[in-house]
Amino acid sequence: MFPSRPLRYWLILIASFSIASFDRMMKLPHLSESVFNYATQLSIQPAFSLPAADASLVEIARQVTVRILTPSGSGSGVIVERRGQVYTVVTNYHVVADNPDNRYTVLTADGKTYSGQWVRSRQSGTLDLALMRFVSSQSYKVAESGNMNSISVGDTVYACGFPAWDFTKQGSTVTALNDTRDLGTKAFRITNGQIKMMQRSLQGGYEIGYTNDVLQGMSGGPVLNQKGELIGINGKLKYPFQGIRAFIFADGTMPSEQLFQQMEALNWAIPVSYFSRRNIQNSAQSEIGL
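Quick note: the sequence shown uses the numbering used here, first residue 1476, plus one each step.
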């Protein structure tokens, strides 16, 4: 059973601040008790909560998922293209946009870090998507795209990324939230769940609603099918503090209250069909002169 909506909103609202701001706010007694009570009730899966038979899928997920670090925050991304030594990563626009210094660090599966460059492309339009590139002589796995026509409600999917923090517990009580920036690849998480809704497009391009545990910091990370193929990009978390206004459809209309209550209980992803290797390649060539 979920706690009251106001408590959920407090957690998501606080999550939008930097870790330093979060630490300061958590010292306020009227916030800390509510947030920790909510965090205690979260069903957070272990980093690798999948059956042993899925070990190969976990390895694929680890190899294609990257972490994107900025001076004030972090997000995730997925490698979708390699051209020579130039790798292209798809992530969320909201992961990279709030960074006036334009300084990005990309953490790869082997623990190496690279300077990232945001490719400002018209290809993404109004979608909550962005392209980033980094240069490396190392060989990194590129995600394979899944067939969107073959997915449906009820399918098992896997959400991947790097949560911005993890929870310290004593028994069933959450006692602290710990910044994961210094954990390197140990912060990686993959969780399983099911597709519960496939709606017409929301603003930002979100169409796939799924039950997986997804935390702040996993935005921009891949959603994979059971073959380890990329079918979507994480980006919209459960119970956004904006309420129903977080679920405005692309045509400007909003869901009914009944539909909204179903939608807000799910995380939402942008389907892979909104970007293609050809568009990515053309955008990279036009924007960075390759």
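Backbone N, C-alpha and C define an ideal beta-carbon position, used for all residues, glycine too.
As the structure is a prediction and not an experimental result, all values here were calculated from the model.
Cβ neighbour criterion (16 or more within 10 Å) applied to residue i
i     : result
A1605 : buried
V1555 : buried
T1686 : buried
P1638 : buried
S1549 : buried
K1711 : buried
V1628 : exposed
A1744 : buried
R1542 : buried
T1655 : buried
A1530 : exposed
G1703 : buried
Of the listed residues the options, nearest to residue i (C-alpha basis)
i     : options                    : result
D1726 : P1638, S1676, F1642, D1657 : S1676
V1446 : Y1589, P1546, A1536        : No answer is possible for residue 1446: the residues shown for the chain start at 1476 and end at 1765.
F1735 : V1747, Q1645, Y1714        : Y1714
Y1749 : M1672, G1550, G1680        : G1680
E1534 : Q1701, K1644, W1743        : Q1701
F1724 : L1602, L1699, Q1669, I1665 : L1602
K1661 : N1577, D1641, Q1678        : D1641
Y1589 : Y1615, Q1669, D1573        : Y1615
L1699 : T1583, R1578, S1625        : S1625
G1668 : F1716, Q1674, D1688        : D1688
Q1674 : R1578, H1569, F1722        : F1722
Simplified DSSP state of residue i, which is helix, strand or coil
i     : result
L1604 : coil
Q1678 : coil
G1550 : strand
T1648 : strand
Y1714 : coil
F1722 : helix
V1698 : strand
R1542 : strand
Q1613 : coil
T1666 : strand
L1704 : Reading off the sequence shown, one finds Glu at residue 1704, where the question assumed Leu. Looking at E1704 - three-state DSSP - the assignment turns out to be coil, as it is neither helix nor strand.
V1747 : helix
Residue i to residue j span [Cα, whole Å]
i     : j     : result
G1659 : G1586 : 6 Å
G1646 : T1540 : 32 Å
R1608 : V1594 : 7 Å
V1553 : V1649 : 31 Å
V1610 : V1632 : 30 Å
S1630 : I1665 : Here residue 1630 is Asp; the residue named in the question, Ser, does not match the sequence. One C-alpha to the other measures close to 16 Å.
T1580 : N1574 : 12 Å
G1591 : T1583 : 11 Å
S1620 : L1532 : 14 Å
R1720 : Q1733 : 14 Å
K1644 : D1657 : 19 Å
M1729 : R1578 : 36 Å
A1651 : Q1737 : 30 Å
V1558 : V1565 : In the sequence under discussion, the amino acid at residue 1558 is Arg, which differs from the Val named in the question. Between R1558 and V1565, the C-alpha separation is close to 15 Å.
Close beta carbons around residue i, own chain, < 6 Å, minus the five adjacent residues each side
i     : result
E1739 : Y1714
G1696 : T1540, S1551, C1635, G1636, N1709
G1692 : S1549, F1637, P1638, A1639
Residues near residue i by beta carbon distance below 7 Å, same chain, minus five either side
i     : result
P1746 : M1623, E1682, I1683, I1706, G1707
F1663 : A1522, R1537, T1540, F1637
N1567 : G1550, D1603, L1604, A1605, S1694, G1695, I1708, G1710
D1576 : P1546
A1618 : V1539, V1553, I1554, V1555, P1697, L1705
S1731 : none
Close-in-space but distant-in-sequence residues of the same chain around residue i (CB under 8 Å, 5 per side omitted)
i     : result
L1741 : K1671, M1672, G1684, Y1685, T1686, K1713
S1612 : Q1560
N1653 : W1640, D1641, F1642, T1643
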